[in-house]
Amino acid sequence: MKDKMKAAVFEGEGVLKIKEVDVPKIEKADELIVEVEMCS
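For reference, each letter of the sequence shown is one residue, going 454 to 493 in the numbering used here.
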C-alpha cells in the first residue's frame, strides 16, 4: 500500500478540496479502508 493518497477534505461550509494525505492505518479489528475507484 502507498504512504500517501488523495482525499476529498471538508474545510468548511461549501469548501471541499482534494488533498494528498497520509494513508490511514487500521488499528482495530472492526476498522476497514474503502478504496473508491470512481463516482459521479
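The beta carbon of each residue, even a glycine, is placed where N, CA and C say it ideally should be.
For residue i, the residue or residues it bridges with in DSSP
i: Asp-524; result: Lying outside 454 to 493, the shown extent of the chain, residue 524 is not represented and no answer is given.
i: Lys-481; result: None; Lys-481 has no bridge partner.
Residue i - DSSP class collapsed to helix/strand/coil
i: Gly-465; result: strand
Cβ separation of residue i and residue j, assumed to be a contact under 8 Å, to the nearest whole Å
i: Val-462; j: Lys-472; result: 5 Å
Residue closest to residue i, alpha-carbon to alpha-carbon, out of the options
i: Lys-457; options: Glu-464, Glu-466 and Val-474; result: Val-474
i: Val-476; options: Val-468, Gly-467, Ala-482 and Ile-486; result: Ile-486
7 Å CB neighbourhood of residue i in its chain, flanking five on each side removed
i: Glu-464; result: Lys-470
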